[in-house]
Every structure is written in C-alpha cells, then in structure tokens.
Amino acid sequence: MSLDPDDPRPPYQQVAAALRAAILTRQIAPGDKLPSQMELARRYGVARMTVQQSLRILKDEGLTVSRQGSGVFARARTERPIGLRPHIERAFEQPNVEIDFSGYTAETLHGIIAEPLDKIRSGRLAPTSIRIRMLLSDMSRPLSLPVNVDNKPEASGPARERMAEISTRHAGAITATVEELADLGLVPEATVETRLHGSAPLFKVYIINRVDAFFGYYPVVRHEVRIGRKRQAIFDPMGKDAVMFQRTDDGDAESADALFVGQTRLWFDSVWDTIATPQTT
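The sequence shown lines up with residues 375 to 655 when you count with our numbering.
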C-alpha cells in the first residue's frame with residue numbers, strides 16, 4: 375500500500391491519517407496491537423522515522439498507547455470510560471504484581487481479583503510477588519460522606535459504622551486470601567496493607583504495576599439503607615458504577631500519559647507516607 379503522490383500532505387501525515395481511519399472505524403479495534411514500525415514502513419513505502427512521526431501524532435491524539443517492550447496498541451479516546459477488570463487480570467500474569475487502591479470500600483477490587491487469586495490457587499498463574507496497598511477513609515471520624523440527608527456528620531455515626539463494616543469486610547477478605555496463598559507457598563512474597571485517612575471518599579484511584587493509572591469520580595447520590603431495624607436516607611458516594619478513565623506510562627517522560635501516571639503515584643505515596651495511619655482492626 376503506497377501513499378498517494380497527489381496528496382499535498384507530508385508522508386507522515388498521510389500515514390497517520392490512514393492509521394487514524396483504521397482505528398476510528400475499528401478495523402484496528404481498541405486493544406489491538408499495531409504493526410511494527412518496520413512493517414508499517416514497508417507497507418507505506420516510507421522511512422522508519424516517518425512512521426515514528428505518524429505514531430507520535432496518534433499518541434498525542436489519545437488513539438494509541440505504547441507499552442515498553444510490547445509495541446503500540448490502539449485504544450479508545452481517553453474521554454471514553456475504560457474497563458478495569460482486564461487490566462488487573464493481565465497484571466497477575468506478570469511475575470510481580472503491584473496494586474495501589476484509594477477509594478471507598480475496596481468492594482470492586484475484592485470482586486475483580488477473586489478470579490486471578492483462584493487461578494493462583496489452582497496453579498494456572500504463578501506470580502513471584504504480590505503487593506497490594508489500600509487507602510481508605512477513616513469512618514470513625516465525622517466525615518462529610520456518607521451522611522444523613524440532613525447533612526449533619528456528627529449525627530451520621532451509624533451510617534459511617536455501616537460503611538466501615540463493609541470496608542473492613544472486603545479489605546479483610548483481600549488480605550486473608552493473599553496471605554493464605556503466601557502461607558501455602560503459592561506466592562513466594564505477598565503483602566497487603568491498609569491505611570486510613572480523614573478525607574471523605576470523593577474519587578477512586580487504581581495504580582497497576584506502577585504503569586497503568588485509573589481515575590474515577592464518585593457521584594454523590596441519595597440512598598435508602600437499613601441501619602439496625604430502620605431504613606435511613608443518606609447521601610452516599612456511588613462506588614461500583616463510577617466511570618473510570620485510564621492513562622498508561624509509555625516511557626516518554628514528557629508525554630501527558632507518563633506525567634499523569636507519575637503524578638498519581640506521587641499523590642498516593644504522599645498520602646500513604648504522611649496523613650494515613652495503619653488500620654488496626
């Protein structure tokens with residue numbers, strides 16, 4: 375496939391246009407790997423440097439993401455929501471698994487990692503290390519969320535106690551399962567830590583293997599929940615259905631993706647190392 379000699383655009387723009395059209399029409403589907411630079415150079419009859427310029431355009435447009443050692447992959451535009459599950463499941467196929475989570479209750483994380491942990495137990499996956507860190511809101515404090523619909527945090531203790539029980543249950547289940555795999559000798563090195571902070575849960579963050587960062591806002595919604603024997607109206611973060619957006623560190627220190635991932639890691643570590651305290655229950 376050669377370029378149109380009558381097209382006034384420079385060759386790198388023509389190649390970028392052809393690849394852009396293939397991605398947007400899903401001839402190259404989100405997640406598919408693009409041909410190598412050498413193959414693209416042969417296909418379009420251009421120099422490899424021309425292909426590199428074309429791929430830079432697509433990356434800047436948010437249509438592709440580069441993974442060091444793996445190649446260039448098509449993805450949906452960054453404004454579109456991204457599914458978290460396949461990325462976490464793929465992380466467990468690597469020798470070293472690192473997951474940092476900051477959010478409400480860790481319920482979604484608990485559900486997602488159940489299958490990879492089962493695969494480790496059955497011998498279908500064999501990572502050499504697992505490290506999970508969870509930053510959760512301290513529900514023993516009078517936070518702004520969850521709160522009674524009268525917006526009085528000091529009177530919302532029962533609502534916070536309810537969420538603390540849910541959070542402790544899911545975080546505890548993650549910890550127990552991972553530690554069991556270590557005790558059985560199925561994972562040579564495994565640690566799970568949970569720390570609490572005094573900020574209300576307004577958004578959630580996942581950092582996977584220090585390369586992929588996912589971010590989503592928690593919309594505040596009105597819920598009717600049962601506390602004791604009574605139903606109570608509260609304002610609550612909408613957790614499980616929150617839309618997530620993804621950025622991947624492509625190794626280019628000046629790219630927007632790499633900067634976003636780096637700043638997300640910096641934010642997480644700064645909270646973890648300063649105002650967050652170890653969970654004691």
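The beta carbon of each residue, even a glycine, is placed where N, CA and C say it ideally should be.
By alpha-carbon positions, which one of Ser514, Val439, Ile397 and His461 ends up nearest to Ser573?
Looking up residue 573 in the sequence shown gives position 199. Checking every option, the nearest Cα to that of Ser573 belongs to Ser514.
Can you name, in chain order, every residue of its own chain whose Cβ lies under 6 Å from the Cβ of Glu544, other than the five neighbours on each side?
As a first step, residue 544 is located in the sequence shown; it is residue number 170 there, counting from the start. Reading off the sequence shown, one finds His at residue 544, where the question assumed Glu. Taken in chain order, the residues that qualify are Thr479, Ala480, Glu481 and His484.
Below 6 Å CB to CB, which residues in the same chain sit around Arg507 once its five sequence neighbours on both sides are set aside?
For the purposes of this step, residue 507 is taken as residue 133 along the sequence shown, with counting starting at 1. Excluding residues within five positions, the ones whose Cβ falls inside 6 Å are Asp474 and Glu567.
Ends of the beta strand (DSSP E) at Gln427?
To locate residue 427, count along the sequence shown from 1; it is residue 53. Not the beta strand (DSSP E): Gln427 falls in the alpha helix (DSSP H), residues Arg422 to Asp434.
Can Asp378 and Gln387 be called in contact, C-beta distance under 8 Å?
Against the sequence shown, residue 378 aligns to sequence position 4. Against the sequence shown, residue 387 aligns to sequence position 13. It is not a contact, given that the beta carbons lie outside the stated cut-off.
Along the beta strand (DSSP E) that carries Met612, what are the first and last residues, could you check?
Counted from its first residue, the sequence shown places residue 612 at position 238. That residue, Met612, is in no beta strand (DSSP E); it is neither H nor E in DSSP.
Let me confirm a value: Val523 is counted as buried when at least 16 other C-beta atoms fall within 10 Å, else exposed. Which label applies?
As a working note, residue 523 is residue 149 in the sequence shown. Exposed, because fewer than 16 other Cβ atoms sit within 10 Å of the Cβ of Val523.
For Tyr580, name the three-state secondary structure that DSSP assigns.
Within the sequence shown, residue 580 is the residue found at index 206, counting from 1. Strand.
Answer with buried or exposed for Met612, where buried requires no fewer than 16 other C-beta atoms within 10 angstroms of its C-beta.
Mapped onto the sequence shown, residue 612 falls at position 238. Its Cβ having fewer than 16 others within 10 Å, Met612 is exposed.
Pairs of beta-carbons, one from the region 490–503 and one from the region 529–542, closer than 8 Å: are there three or more?
no
Alpha carbon to alpha carbon, how far is Glu467 from Asp610?
What you label residue 467 is simply residue 93 of the sequence shown in a count that begins at 1. What you label residue 610 is simply residue 236 of the sequence shown in a count that begins at 1. Those two C-alpha atoms are separated by around 35 Å.
Do the CB positions of Val471 and Thr622 come within less than 8 Å of each other?
Numbered from its first residue, the sequence shown carries residue 471 at position 97. Numbered from its first residue, the sequence shown carries residue 622 at position 248. No.
With DSSP collapsed to three states, give me the class of Tyr591.
Taking the sequence shown and counting its residues from 1, the one referred to as residue 591 is at position 217. If DSSP states are grouped into helix, strand and coil, Tyr591 belongs with the strands.
Out of curiosity, what's the CA-to-CA distance linking Leu437 and Ala448?
Locating residue 437 in the sequence shown gives position 63, where the first residue counts as 1. Locating residue 448 in the sequence shown gives position 74, where the first residue counts as 1. Each residue's Cα considered, the two are about 6 Å apart.
Hey, quick one: how far does the beta strand (DSSP E) through Gln620 stretch, first residue to last?
Counted from its first residue, the sequence shown places residue 620 at position 246. Note, Gln620: beta strand (DSSP E), Phe619 to Thr622.
What are the start and end residues of each continuous beta strand (DSSP E) run of 3 or more residues lying completely inside the region 495–526, in chain order?
503–511
Using DSSP with H/G/I as helix, E/B as strand and the rest coil, what is Ala627?
Residue 627 sits at position 253 when you count from the first residue of the sequence shown. Here Ala627 sits in coil by DSSP.
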